[in-house]
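Here the structure comes first, spelled out in structure tokens, and everything after it is commentary.
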Amino acid sequence: GVRTHKKQKNMKRNDQTLTRVEFQLMNIIWDMKDAFCAWDVLEKCGEPKPAYTTVATYLKILREKGYVDCRKESGQGKTLRYRALVSREEYTRRTMDGVKKDFFGGSLKSMLSYFVQEENLSGEQIMEMLDMIREEEEK
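When the letters of the sequence shown are read in order and numbered with our numbering, they come out as residues 393 to 531.
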């Protein structure tokens with residue numbers, strides 16, 4: 393017989409990394425504080441603007457990944473209103489934790505050493521970083 397695949401509703405897979413385009417859209421979304429619709433996102437997209445259907449498809453993907461949620465508002469017809477479920481800070485923390493784990497064996501020291509060497513930090517920049525670390529220790 394023919395096998396059908398039932399689509400899971402509210403699939404939460406937000407442990408997944410965002411693609412470049414998904415991240416660009418999430419940056420637009422994070423900058424919008426209130427619930428928004430696909431047209432609001434499209435309006436904020438740079439040139440050349442994607443098609444409305446492209447934005448709607450990416451919003452659906454972001455919903456499936458657990459980054460946004462949506463609902464229909466009464467009196468708004470078919471218009472879906474979206475909101476971010478994952479903050480920019482939370483995504484940054486998860487991503488950096490993943491980089492630390494995947495590229496530096498979980499070692500913060502190795503990760504910091506890499507950035508100090510690769511970014512050719514000046515003595516002044518290194519001192520600023522040390523001051524930030526000291527301030528955190530004093531909290």
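Note that the Cβ used here is the ideal one computed from N, Cα and C, for glycine as well.
Item	Value
Can you check DSSP and say which residues form a bridge with Lys-536?	Because residue 536 is not part of the residues shown, which for the chain are 393 to 531, the question remains open.
Taking 8 Å as the cut-off, does the stretch 437 to 447 touch the stretch 485 to 495 (at least 3 CB pairs, one atom from each stretch)?	no
What does DSSP give as the partner residues of Phe-428 in its beta bridges?	Tyr-474
Taking all protein chains shown into account, do 16 or more other C-beta atoms lie within 10 angstroms of the C-beta of Lys-425, making it buried, or fewer, making it exposed?	exposed
Near Gly-490, what residues of its chain come up, given a Cβ to Cβ distance below 8 Å and the 5 sequence neighbours on each side ignored?	Thr-409
My understanding is that Ile-453 touches Cys-437, with C-beta atoms under 8 Å, so please give their C-beta distance in whole angstroms.	About 16 Å; that fails the 8 Å criterion.
Return the CA-CA distance between Arg-412 and Tyr-450, expressed in angstroms with no decimal places.	11 Å
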